[in-house]
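Here this note's numbering runs 1 ahead of the position in the sequence shown, where the first position is 1.
The C-beta atom is built at its ideal place from N, Cα and C for all residues, glycine as well.
Owing to the predicted nature of the structure, the values given are computational and were not obtained by experimental measurement.
Read the structure below first, then the notes.
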Amino acid sequence: MSIGSKFAIWTLALPICLILVVLAGAYSLYPNPFLLALVAALPSAVALVWSQTRTSLRAQMLEVWDHYLKRISETASTVGVGEGYYFPRRYEGLDSKIDWVSHYAKYGPLKLYPTKLVKEKLVTKMLRLGDNFNSKLDKIMGDSRDGSFELNVYYAFDHWGLRKMPVDQPPRLAPLELAKQKLYLEVLDKGKKQEVTELIQAWKEPFDLSKQIASILDKFSSENGIMPPKVGNTFG
Numbered sequence: 002m003s004i005g006s007k008f009a010i011w012t013l014a015l016p017i018c019l020i021l022v023v024l025a026g027a028y029s030l031y032p033n034p035f036l037l038a039l040v041a042a043l044p045s046a047v048a049l050v051w052s053q054t055r056t057s058l059r060a061q062m063l064e065v066w067d068h069y070l071k072r073i074s075e076t077a078s079t080v081g082v083g084e085g086y087y088f089p090r091r092y093e094g095l096d097s098k099i100d101w102v103s104h105y106a107k108y109g110p111l112k113l114y115p116t117k118l119v120k121e122k123l124v125t126k127m128l129r130l131g132d133n134f135n136s137k138l139d140k141i142m143g144d145s146r147d148g149s150f151e152l153n154v155y156y157a158f159d160h161w162g163l164r165k166m167p168v169d170q171p172p173r174l175a176p177l178e179l180a181k182q183k184l185y186l187e188v189l190d191k192g193k194k195q196e197v198t199e200l201i202q203a204w205k206e207p208f209d210l211s212k213q214i215a216s217i218l219d220k221f222s223s224e225n226g227i228m229p230p231k232v233g234n235t236f237g
């Protein structure tokens with residue numbers, strides 16, 4: 002349910018129903034034409050208040066999105082549904098953003114963020130598990146640098162099965178350079194089998210979390226009229 006729908010329930014449906022029940026009880030005890038006039042005027046008065054506060058609600062929701070949730074969404078999408086190979090680093094400040102959201106992104110009783118995102122600590126988990134993967138990839142990439150050669154992460158991810166290249170993707174490297182990459186990866190698989198295995202195993206959890214976060218925030222933004230839903234990315 003969108004925040005606007007929840008807001009309408011809290012500020013329109015519930016107050017009107019409550020006041021009508023109270024007025025009906027009062028009228029049964031003390032019949033008075035003035036009470037009937039109140040009942041007739043009530044919906045218009047409540048609707049006027051709702052219209053004014055709805056504008057304020059939307060402005061605050063957009064502020065939360067633009068300054069906090071949008072950055073989390075973009076960063077998670079880069080690796081979750083895009084072509085990113087590293088998970089968000091701690092210095093990017095996503096942990097402080099989600100911490101602010103969990104404490105202050107509210108409008109009365111309404112939470113201006115997807116509840117599951119905060120309740121299940123999805124961003125914190127992704128950052129923690131992503132740090133573990135990043136450190137392993139940093140080590141392998143650093144060890145590969147020798148003169149003019151460096152392991153190409155695009156081909157490495159395809160080789161390890163972490164992010165398969167589209168079958169119609171044109172080669173990004175010249176044949177000789179591609180042959181060097183393949184040879185290095187084969188030697189790496191044999192010489193540092195444990196490191197490669199640990200790297201592959203460290204990928205799945207934070208990758209699944211990044212996809213989940215991106216999906217949750219995409220749904221949140223689209224159902225609240227912030228941004229249209231994204232077209233699914235078939236890469237990876």
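Would you mind stating whether F158 and Y86 have Cβ atoms separated by less than 8 Å?
-> In contact: F158 and Y86 (Cβ atoms closer than 8 Å).
Which residues mark the beginning and the end of the alpha helix (DSSP H) in which H160 is found?
-> Run containing H160: 154-161, per the alpha helix (DSSP H) assignment.
N- and C-terminal bounds of the alpha helix (DSSP H) containing R129 = The continuous alpha helix (DSSP H) containing R129 extends over residues 123-145.
Going straight from the alpha carbon of G152 to that of H160, what length do you get?
-> The residue you asked about is not Gly; residue 152 is Leu in the sequence shown. L152 and H160: Cα-Cα distance of roughly 12 Å.
Outcome for Y114 when other beta-carbon atoms lying within 10 angstroms are tallied against a minimum of 16 | Buried is the call here.
Could you tell me if A60 is buried or exposed, where buried requires 16 or more neighbouring beta carbons within 10 angstroms of its beta carbon?
-> Counting Cβ neighbours within 10 Å, A60 comes out exposed, since fewer than 16 surround it.
Helix, strand or coil for Y86, going by three-state DSSP, please let me know.
-> Y86 sits in coil when the DSSP states are folded into three classes, being neither helix nor strand.
Pairwise C-alpha distance: E196 and D190 | The alpha-carbon of D190 is positioned some 9 Å away from that of E196.
Selected residue, minimal CA-CA separation from L163, among D209, P176, K193 | Closest by alpha carbon: D209.
Is R91 near L123, with beta carbons less than 8 Å apart?
-> It is not a contact, given that the beta carbons lie outside the stated cut-off.
Could you check the C-alpha separation between L177 and K98 for me, to the nearest Å?
-> Each residue's alpha carbon lies about 45 Å from the other.
Report back the beta-carbon spacing between V102 and V65 to the nearest angstrom; my notes put them in contact at under 8 Å.
-> Contact holds; Cβ gap of about 7 Å.
In its own chain, which residues sit with a C-beta less than 8 Å from the C-beta of K137, not counting the 5 before and 5 after it?
-> Excluding sequence neighbours, K137 sits near E196, E199, L200, A203.
Can you name, in chain order, every residue of its own chain whose Cβ lies under 7 Å from the Cβ of G131, other than the five neighbours on each side?
-> Contacts found: F88, P89, P207.
Can you name the residues that DSSP bridges to L174?
-> According to DSSP, residue pairing for L174 in a beta bridge does not occur.
How many angstroms separate the CA atom of A175 from the CA atom of T79?
-> Cα-Cα distance, rounded: 27 Å.
Which of helix, strand or coil DSSP assigns to Y114 = Coil, per DSSP.
Return yes when the Cβ of S145 is within less than 8 Å of the Cβ of Y108, no when it is not.
-> Against a cut-off of 8 Å, the Cβ pair of S145 and Y108 comes out as no contact.
Just curious, the alpha helix (DSSP H) that D67 is in, first and last residue?
-> No alpha helix (DSSP H) holds D67; DSSP gives it neither H nor E.
N234: buried (16+ other C-beta within 10 angstroms of its C-beta) or exposed?
-> Legend: pLDDT at N234 = 39, less than 50; position of this residue unreliable, value from coordinates given subsequently. Counting other Cβ atoms within 10 Å of its Cβ, N234 stays below 16 and is therefore classed as exposed.
Pairwise C-alpha distance: K71 and L58 | Computed Cα separation, rounded: 18 Å.
V168 lies in the alpha helix (DSSP H); which residues open and close that run?
-> Where V168 is concerned, there is no enclosing alpha helix (DSSP H), given that its DSSP letter is neither H nor E.
Go through its chain and collect everything with a Cβ distance to M228's Cβ below 6 Å, but skip five positions before and after it.
-> Within the same chain, S222 come within 6 Å of M228 by CB-CB distance, once the 5 residues on both sides are set aside.
Beta carbon of K120: closer than 7 Å to some heavy atom of the ligand NAP?
-> Judged by which ligands are present, the structure shown has none, so any question about the ligand NAP falls away.
Can you grab the Cα-Cα spacing for the pair T54 / L63, in whole Å?
-> Their backbone Cα atoms lie some 14 Å apart in a straight line.
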